[in-house]
Amino acid sequence: MSDEPLIDAHAHFLHAGCGRSDWREVNASRLRAGRAMGITCHVASVLGTFGFSSPTYFPSPRDVSAGNDAALALTEEHGPLVRMLVALNPNYGSHALEEIERFAGRGAVGLKLLASRRCDDPLLDPICERAARHGFPILHHIWQHRRREWPNQEISDGVDLARLAQRHPGVIFILAHIGGGGDYHHTYAAIRDVPNIVADLSGSGVDRGMLDDAVGALGSQRLLWACDITMETGLAKLRALENTGLSSADDIRDIRWRNAARVFRLAEGQAPSAGSRP
Amino acid sequence: MIDVNALIGPYPFRYLPHPDPEVLVRVLEREEIEGAWVGHLPSAFYRDTNAGNAQLYTALAPFHRVLRPVPAIRPDWPDWQRALGIAREAGAPAVRVYPPQWQLGPGDGRLAELALACGEARMAVLLTVRFEDLRQRHPLDVAGDLQAASVRALARAGKDVRLVVCAAGREFIEEVHWGLTPEEQQRVVWDFSWVWGPPEDHLAKLFGTIGSERFVYGTHWPLRLTQNPRANLDLLPPELVGARLAAADRLFDGRGQDGG
Chain F
1 MSDEPLIDAH AHFLHAGCGR SDWREVNASR LRAGRAMGIT CHVASVLGTF
51 GFSSPTYFPS PRDVSAGNDA ALALTEEHGP LVRMLVALNP NYGSHALEEI
101 ERFAGRGAVG LKLLASRRCD DPLLDPICER AARHGFPILH HIWQHRRREW
151 PNQEISDGVD LARLAQRHPG VIFILAHIGG GGDYHHTYAA IRDVPNIVAD
201 LSGSGVDRGM LDDAVGALGS QRLLWACDIT METGLAKLRA LENTGLSSAD
251 DIRDIRWRNA ARVFRLAEGQ APSAGSRP
Chain X
1 MIDVNALIGP YPFRYLPHPD PEVLVRVLER EEIEGAWVGH LPSAFYRDTN
51 AGNAQLYTAL APFHRVLRPV PAIRPDWPDW QRALGIAREA GAPAVRVYPP
101 QWQLGPGDGR LAELALACGE ARMAVLLTVR FEDLRQRHPL DVAGDLQAAS
151 VRALARAGKD VRLVVCAAGR EFIEEVHWGL TPEEQQRVVW DFSWVWGPPE
201 DHLAKLFGTI GSERFVYGTH WPLRLTQNPR ANLDLLPPEL VGARLAAADR
251 LFDGRGQDGG
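Chains as they are written, first to last, in the working numbering: chain F, 1 to 278; chain X, 1 to 260.
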């Protein structure tokens, strides 16, 4: 399986405007670990300035644009190894639509929505309509089962995303990081019957049973392998997939890269292969 | 390599698949881990842990070559010294204590008394910072995380105390380590089952600052994927590949190291 492509469907990079003197080292570490793991494509977004000049989950329009510019620069620097999602803050609707148009046709493969607005809010509808027009999937930050408000983000959960996805059946929604905090069992129940939602496996959580239950509830064709900000948990889950005995080799290929290639519409011949690994 | 942070038995707040010793033995073999120190997960939530310890000894007996019992002993329970004697007779390398679940705060003299008694018996005290991520806890799971102050207090209790602290993150480890004297630091080792790898590289930073020899191998099975700590080691930057870990079974000779 190590010669197979491997797409990280949920990656982030930093840039000089993030206020961290080690931003280059963090980016280099992601690329180094990616090489070690066999990642052939990082599908990445840059979330404004990650809190430096506006909050990570409530980025100002200026920071949104700066982050997207940085993401574009990374795609230009690294070629097919890095693909970008356009990050948006739906509270600034016109700006969000302008950002989509600014990067459509320049290598963007989808949109990234954070936790700036609860995801079933009508403010998101124009963005989803524009996504449908461009064939963009939407990766949405999710808290698995929100039971209360948490500071610094307006969280959404699987039930909220299901409402949005049912309003926009022509858009594929990627429910972010089932291991990223909260009760993933609630998520599985919430999205099981909403076929235009797929889930990514990223997050620092590596609970035993999480993967088994994801495969059982959603099937291997609705799961995307991913890391987010902890790559060792991504590698652990990748190895665990091969040990659970729940998925065939073909299913694992789907989770490793084929589902992501389909969702992000990486054209035949553009899907990154192990042979193109730097 | 020894896994110091394994458990058997069910967890009250979520279903765990097959938390059984025979499954653990197969997992260790698959992951090429020589053996494990094994606690009894439900005992953390029992009032009287003695019954849970009896279950642990019985369950592990057929696997005694690979699995060593780590019973839970409450120092606020009458006649805990007897439980400690039984643990020593059973060959336990350590004793598990759960201060948050037992509502024993930092600096509780009973914890220190137990830690000193364990040290005299050349048994480590094993502490668990958390069982689950804060964000997914059951509404009834209100014990909270272990406090760093509890670890500092126990590390200062006496020169023969040895602590194995499991499921801590980088900030917790740093808060304790740099809050101890160099001599006290030598009494504490950490598992890295909850320490982040790249791209933030918390594990690499800790290996570079406090030293890899302050860490032992722990998986947090059956709550967490066994593959995680190995993945973390495999993703260390080149200059740290092969970094040597502490040998869990040589904590009392002050010089043991294990392969990384």
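No residue lacks a Cβ here, since even glycine has one placed at the ideal position from N, Cα and C.
Item	Value
Please compile the residues from chain X whose C-beta is within a distance smaller than 8 angstroms of the C-beta of F:M231.	G197, P198, P199, L235
Please indicate yes or no: does the CB of X:P182 lie closer than 6 angstroms to some heavy atom of the ligand ZN?	Summarising the ligand content, the structure contains no ligands, and the ligand ZN is consequently not present.
Residue ranges of each alpha helix (DSSP H) run of no fewer than 4 residues wholly in the region 8 to 96 of chain X, ordered along the chain?	21 to 30, 50 to 60, 80 to 89
On the three-state DSSP scale, how would you describe F:R83?	strand
How long is the line joining the alpha carbons of F:A87 and F:H78, rounded to whole angstroms?	19 angstroms
Is the shortest distance between the beta-carbon of F:S53 and the beta-carbons of chain X less than 7 angstroms?	no
Quick one, which of F:D3, F:V263, F:E4 has its alpha-carbon nearest F:H134's?	F:V263
Check each residue of the region 122 to 149 of chain X: if its Cβ is closer than 7 angstroms to any Cβ of chain F, include it; give the result in chain order.	D133, R135, Q136
Taking C-alpha atoms, which residue in F:D250, F:L72, F:H140 lies nearest to F:S202?	F:H140
Give me, in chain order, the residues of the same chain whose beta-carbon lies closer than 6 angstroms to that of X:R96; leave out the 5 immediate sequence neighbours on both sides.	G39, V70, A72, L126
Identify the contact partners of X:Y15 in chain F, using a Cβ-Cβ distance below 8 angstroms as the criterion.	G209
Cutting at 6 angstroms between CB atoms, please list the residues of its own chain near F:L246, excluding the five before and the five after it.	D212, V215
At 9 angstroms on the CB atoms, spell out the chain X contacts of F:S204, in chain order.	D133, W194, W196
Sort out for me which residues DSSP pairs X:V189 with in a bridge.	X:V164
Is it buried or exposed for X:F252, if we count other Cβ within 10 angstroms and need 16 for buried?	exposed
Rounding to the nearest angstrom, what Cα-Cα distance links F:M84 and X:V216 in this structure?	39 angstroms
Please confirm whether F:I7 has its beta-carbon closer than 7 angstroms to some beta-carbon of chain X.	no
Taking Cβ positions only, does X:R162 come closer than 7 angstroms to chain F?	no
What do you reckon, are the CB atoms on F:C119 and F:L161 nearer than 7 angstroms?	yes
Assess, as a yes-or-no matter, whether the region 165 to 179 of chain X is touched by the region 237 to 246 of chain F under the definition of 3 or more beta carbon pairs within less than 8 angstroms.	no
How should F:G180 be labelled, buried or exposed, when 16 other C-beta atoms within 10 angstroms of its C-beta is the threshold for buried?	buried
For F:T56, does the three-state DSSP call read helix, strand or coil?	coil
In terms of alpha-carbon separation, which member of X:R152, X:A124, X:G109, X:Q101 lies closest to X:V142?	X:Q101
According to DSSP, what are the bridge partners of F:T230?	X:P199
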